[in-house]
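Chemist:
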Amino acid sequence: MTRTIHLNLDINGKGYDLDVEPRVTLLDALRDHLVLTGTKKGCDQGQCGACTCHVDGRRVLSCLTLAAQVEGRQVETIEGLSGADGTLHAVQAAFLEQDAFQCGYCTPGQIMSAVACIREGHAGSDAEIREYMSGNLCRCGAYNSIVAAVRQAAQAVVPATKEMADA
Amino acid sequence: MRDFSYLRASTLDEARQAVLQAGASILAGGTTLIDLAKCGVAEPETVVDISHLEGLSGIEVTPQSVTIGALSRMSDVADHSGIQAEMPAVSESLLLAASAQLRNMATIGGNVMQRTRCPYFRDPGTFPACNKRNPGSGCSALGGITRNHAVLGTSEHCLASNPGDLAVALVAFDAVVDLGSRRVPFDEFFLLPGDTPDRETVLQPGEMIIGLSIPKSAAAKNSTYLKVRDRQSYEFAAASAAVGLELEDDGRTVRDIRVGLGGVATKPWRARAVEQALIGKVLDDATIKAASLLAMEGAVAQSDNTYKIDLVPRVVARAIETVSTDKSGGLA
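Order-wise, the sequence lines are chains A and B.
Oh and the first sequence: position 59 is 168 in the numbering used here, straight run, nothing missing.
Oh and the second sequence: position 323 is 623 in the numbering used here, straight run, nothing missing.
#1: Which runs of the alpha helix (DSSP H) at least 4 residues long sit entirely within the region 174-211 of chain A? Give them in chain order.
#2: Skipping 5 residues on each side, what residues in its chain have a beta carbon closer than 7 Å to that of L312(B)?
#3: Using CA atoms only, rank isn't needed, just tell me which of S523(B), G358(B), S592(B) is closest to D610(B).
#4: What would DSSP say about L143(A), mapped onto helix, strand or coil?
#5: Round the Cβ separation of Q401(B) and T161(A) to the nearest angstrom and send it over; I've been treating them as touching at under 8 Å.
#6: Could you tell me the distance, in whole angstroms, from the CA atom of G151(A) to the CA atom of S481(B)?
#7: Provide the residue span of the beta strand (DSSP E) that contains L118(A), from first to last.
#8: How should D128(A) be labelled, buried or exposed, when 16 other C-beta atoms within 10 angstroms of its C-beta is the threshold for buried?
#9: List, from N- to C-terminal side, the beta strand (DSSP E) runs of 3 residues or more that fit wholly inside the region 347-414 of chain B.
#10: Hey, is the region 551-562 of chain B in contact with the region 611-621 of chain B, meaning 3+ C-beta pairs nearer than 8 Å?
#11: Threshold first: 4 residues or longer. Then list the alpha helix (DSSP H) segments lying entirely within the region 495-581 of chain B, N to C.
#12: I'd like the list of long-range same chain contacts for H115(A), defined as Cβ closer than 6 Å, with 5 residues on each side in sequence excluded.
#13: Taking only three categories from DSSP, how would you classify G93(A)?
#14: Short check: CB of T362(B) to CB of S455(B), under 9 Å?
#15: Can you tell which of E345(B), S375(B), D349(B) has the C-alpha that lies nearest to the C-alpha of G358(B)?
#16: Using 8 Å as the cut-off, can you tell me whether the region 392-401 of chain B makes contact with the region 525-539 of chain B, which would need three or more C-beta pairs spanning the two stretches below that distance?
#17: In the DSSP assignment, what are the bridge partners of A324(B)?
#18: Between the Cα of T426(B) and those of V412(B), G436(B), R415(B), G444(B), spot the shortest distance and give me the residue it belongs to.
#19: Spatial neighbours of A632(B) within its chain, please: CB distance less than 8 Å, with the 5 preceding and 5 following residues excluded, ordered by chain position.
#20: Tell me the residue span of the alpha helix (DSSP H) that contains V319(B).
#21: Looking at G189(A): is its Cβ nearer than 9 Å to the Cβ of G244(A)?
#22: May I ask you to report which of helix, strand or coil DSSP gives V616(B)?
#23: Does the beta-carbon of L320(B) have 16 or more other beta-carbons within 10 angstroms, so that it is buried, or is it exposed?
#24: To the nearest angstrom, report how far apart C249(A) and E237(A) are at their CA atoms.
#25: Between G629(B) and G330(B), what straight-line distance do the alpha-carbon atoms span, to the nearest angstrom?
#26: Is the region 249-265 of chain A touching the region 400-420 of chain B in the sense that three or more CB pairs, one from each, lie closer than 8 Å?
#27: To the nearest whole angstrom, what separates the beta carbons of L459(B) and C430(B), a pair I think is in contact under 8 Å?
#28: Flag N253(A) as yes if its beta-carbon sits less than 9 Å from any beta-carbon of chain D, otherwise no.
#29: Assign N605(B) to buried or exposed, taking buried as 16 or more other Cβ atoms, counted over all protein chains shown, within 10 Å of its Cβ.
#30: With distances taken from CA atoms, which of V502(B), K589(B), L371(B) is nearest G355(B)?
#31: In three-state terms, what does DSSP make of T161(A)?
#32: So for R260(A), helix, strand or coil by DSSP?
#33: Return yes when the Cβ of D478(B) is within less than 9 Å of the Cβ of S513(B), no when it is not.
#34: If distances are taken between C-alpha atoms only, which option among V554(B), P497(B), A309(B) comes closest to S437(B)?
#35: Establish whether the CB of C249(A) and some CB of chain B are separated by less than 9 Å.
#36: How about Y420(B): is its C-beta nearer than 9 Å to some C-beta of chain A?
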């Protein structure tokens, strides 16, 4: 017996209607039902961080979140990060500049995690970045460059935020 | 993951009624239930989502205690300035647990109810025998790889350790579990495995954790959580200790000390023998070391986890030294 439920999800500020089995995770809903394949499936067990998305502005693991749970919440994925004109987010630009990946599979999760890490105020030092990014594994071992990218982006984002506040 | 039906509870009563149904499981943050459903350990017929219930996520600091709603997220509790000031070990235990993403998801009620990380428990396909999953089927960990299994509170039926960090601080500082209709001291909330390792807590059908209350104390205010593990971050404890200390007015003699242990026992463990050995004593290195050895009273090691017998007293001693170091930098 297949029981499907109807959901309306808010993803990157856009409404999506879909019919899914209740067991479908946010990760599978994004990738398989909505073809938003920027969010990656690594371990699918809440251990690697590749599937990191934001729900109501907080970084979470979409593989351990049911799609049904986030109805009524705001979901942001890697697809929603760049500007409408394609301008990269400061964290995306920093990852490119610092060559913070090899194969790139963990990168969307790393970037979504880094955006939140900076916003939380947890990118004050390399040690703090390493601690607060520890939920994102990189099998290629690009950690040094990832830390450099987060550090660079934090320096770019924080002054920009301050300028906005001062303006 | 087997399919299930989904019910979003809109009131606490609706949730309580729903979980009385056979095969119903409570879903809050999802970090345990969805994980175990994927492993084939949890096979709910109905998932009752309580994460949208209102009024269960508050954190309140009163003159007597700190109360935490069951749906508070780990990250909110860890970052709460009142908790950091009144009971630093509680905040530290949360910040040293899991990852930033998981701490944003997992609720405090769910954190208390998290299941063991025993690899045999988590893999029913390869290891059908598990008394916790399937009473009477045997224990695959006995004679297996036991590096991270418990040395305290075990039985011939189960060696699985409780993986919690927060729980170690909660048992040390006499937290109380609020079930709505009754309140249970944290130390009595968990059951030893004995010959029924499938029963882990005193929760009855239809009961759920509404919140926690942690009494303020001088020991909680001067406390720390020390976690030793195989990696520096994002790893379960090989051994951990939550320690709080209150000294007499002379600044040297122990008036009150609390010692909780993690990563080594089948339930959040209170090392009362260590506490009793130190109350009324003047702290010095030799006294701390001798008392810390009592943390392993009654411990039974397997072939792979004998290291914990040496490690735990060192962790306890280091945590006591941390809270007994006065502002001038020496032992109090």
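Virtual Cβ for every residue (Gly too), placed ideally from N, Cα, C.
Modeler: The relevant details are as follows:
#1: 199-206
#2: L353
#3: S592(B)
#4: coil
#5: 6 Å
#6: 43 Å
#7: 114-120
#8: exposed
#9: 359-361, 365-369
#10: yes
#11: 518-521, 572-578
#12: D128
#13: Outside the shown range of chain A, which is 110 to 276, sits residue 93(A), and nothing can be said about it.
#14: no
#15: S375(B)
#16: yes
#17: T346(B)
#18: G444(B)
#19: The predicted model places A632(B) with a pLDDT of 46, which falls under 50 and marks its position as unreliable; any figure quoted below should be read in that light. Excluding sequence neighbours, A632(B) sits near L547, G551, R552, L583, S624, T625, D626.
#20: 312-319
#21: no
#22: helix
#23: exposed
#24: 21 Å
#25: Its pLDDT being 46, under 50, G629(B) is placed unreliably by the model, and the measurement read from it follows with that caveat. In a straight line, the C-alpha of G629(B) is about 44 Å away from that of G330(B).
#26: no
#27: Between C430(B) and L459(B) the Cβ distance is about 11 Å, and since that is not below 8 Å, they are no contact.
#28: No chain D is present in this structure, whose protein chains are A and B.
#29: buried
#30: L371(B)
#31: strand
#32: helix
#33: yes
#34: P497(B)
#35: no
#36: no
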